[in-house]
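In terms of my numbering, the numbers along the sequence shown are unbroken and rise by one, the last being 301.
Even glycine gets a Cβ: it sits at the ideal position worked out from N, Cα and C.
Here is the structure we will look at.
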Amino acid sequence: RRRGGRGVRREVGVHPDGQPALMSRGRLAPTPTGYLHVGHARTFALAAARASAGTLLYRTEDLDAGRCRPEFAAAAIEDLRWLGLKWTEGPDVGGPHAPYVQSQRLPWFRDVWSQLQATGAIYPCDKSRKDVERSLTAPHAEDDAEPIFPPALRAPLGAGREAREPGPTNWRFRVPDGETITFVDALQGPQTFVAGRDFGDFLVWRKDGFPAYELAVVADDHAMGITEVVRGADLLLSTARQLLLYRALGWTAPTWAHAPLIHDADGKRLAKRTAGLSIRELSQKGKTPEEVLTAPLDQL
Numbered sequence: 002r003r004r005g006g007r008g009v010r011r012e013v014g015v016h017p018d019g020q021p022a023l024m025s026r027g028r029l030a031p032t033p034t035g036y037l038h039v040g041h042a043r044t045f046a047l048a049a050a051r052a053s054a055g056t057l058l059y060r061t062e063d064l065d066a067g068r069c070r071p072e073f074a075a076a077a078i079e080d081l082r083w084l085g086l087k088w089t090e091g092p093d094v095g096g097p098h099a100p101y102v103q104s105q106r107l108p109w110f111r112d113v114w115s116q117l118q119a120t121g122a123i124y125p126c127d128k129s130r131k132d133v134e135r136s137l138t139a140p141h142a143e144d145d146a147e148p149i150f151p152p153a154l155r156a157p158l159g160a161g162r163e164a165r166e167p168g169p170t171n172w173r174f175r176v177p178d179g180e181t182i183t184f185v186d187a188l189q190g191p192q193t194f195v196a197g198r199d200f201g202d203f204l205v206w207r208k209d210g211f212p213a214y215e216l217a218v219v220a221d222d223h224a225m226g227i228t229e230v231v232r233g234a235d236l237l238l239s240t241a242r243q244l245l246l247y248r249a250l251g252w253t254a255p256t257w258a259h260a261p262l263i264h265d266a267d268g269k270r271l272a273k274r275t276a277g278l279s280i281r282e283l284s285q286k287g288k289t290p291e292e293v294l295t296a297p298l299d300q301l
């Protein structure tokens, strides 16, 4: 039985010595909440280059229904094609792991929720962000990040084990407090995070009926056979969380390559709301794909 990408058959190539070798599978996974900017362009180009000896797929991550819009999803495909990026699987070309749009993959995400719930790794949580902030005893991981969830607000062990559906409540992953999570990033080098200090119990399911980012990304990268994840360095902490999910599910994690972030002249990280540096605006100004991918920002 195959649901949402179960039974992935990974591509096999041949080493120069004649032995079978696992071919790389990379992905582009934009969130359509705005037009992609030059930072996205360079990170996605890097992902494409690193997957050039294998397969590259495209996945639209549109689970934030309040902010994602179809016109941005269409523009992302158009803009990345203009840059010269090519993929062999995706919402515009199909493929063996369709659908490649996350909002169409809810049955698979519920299946993964069930696997986690059966292990006792997750629990229902009715605490709001304000509840967390009022009980906060640990520092914020980042100014714009969710506060570290206080252990005192956890549900007791075994809570939610009888549930058959997520229901209209949030669900959190119970992190192993004090455990050190390490991995070696292909671009950033060795990384170390401590559960309970650098991050706390994190959302895996939202009360609006959708999976949280961490669960959805892990579920789809596994289902689609991704062997290397290339994304921005702002998601290094997410990798530590996701490694715990891979372990709880008994899945093999991909390797990681987190690209340096691109900042504007004021030192601020580029965002989709940054005016003048979207791929679309730069192409309309007459810039070439090569300039978008390589020129200094002050020359764009």
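Query                                                                                                        : Result
The region 70-90 touching the region 277-297, judged by at least three CB pairs closer than 8 Å              : yes
Under 8 Å between C-beta atoms of Arg238 and Phe200                                                          : Reading off the sequence shown, one finds Leu at residue 238, where the question assumed Arg. Yes; because the gap between Cβ atoms is below 8 Å, this pair is in contact.
Where Val218 sits in the DSSP three-state scheme                                                             : helix
Beta-carbon proximity of Ala48 to Leu64, cut-off 8 Å                                                         : no
Helix, strand or coil at Gly233 [DSSP, three-state]                                                          : strand
Start-to-end residues for the alpha helix (DSSP H) that takes in Leu271                                      : Looking at the DSSP string, Leu271 is not in any alpha helix (DSSP H), and its letter there is neither H nor E.
Contacting residues, own chain, Cβ-Cβ under 6 Å from Ala46 (five flanking each side not counted)             : Leu294
His141, buried or exposed, once every other Cβ within 10 Å from all chains shown has been counted against 16 : Summary for His141: the model assigns pLDDT 29, below 50, so the residue's position carries little reliability; its value from the coordinates is reported in the next sentence. With fewer than 16 Cβ atoms within 10 Å of its Cβ, His141 is classed as exposed.
Alpha helix (DSSP H) segment containing Val114, residue limits                                               : The sequence given here places Trp at residue 114; Val does not occur at that position. Counting along the chain, the alpha helix (DSSP H) containing Trp114 begins and ends at 107-120.
Proximity of Leu84 and Pro290 at Cβ, strictly below 8 Å                                                      : yes
Pro290, DSSP secondary structure in three states                                                             : helix
Local conformation of Arg28 per DSSP, three classes                                                          : strand
Check whether Met24 and Thr61 have beta carbons under 8 Å apart                                              : no
Inter-stretch contact at 8 Å, needing at least 3 Cβ pairs: the region 219-229 / the region 171-185           : no
Minimum C-alpha distance to Arg248 - residue among Pro148, Gly233, Leu271, Leu216                            : Leu216
Supposed contact pair Ala74 and Pro108 - C-beta distance, whole angstroms, cut 8 Å                           : Contact doesn't hold; Cβ gap of about 21 Å is too wide.
Residue span of the alpha helix (DSSP H) that contains Phe45, given as start and end                         : 39-51
His264, buried or exposed, once every other Cβ within 10 Å from all chains shown has been counted against 16 : exposed
Length of the line joining the Cα atoms of Ala296 and Lys286                                                 : 14 Å
According to DSSP, residues forming a beta bridge with His264                                                : Arg270
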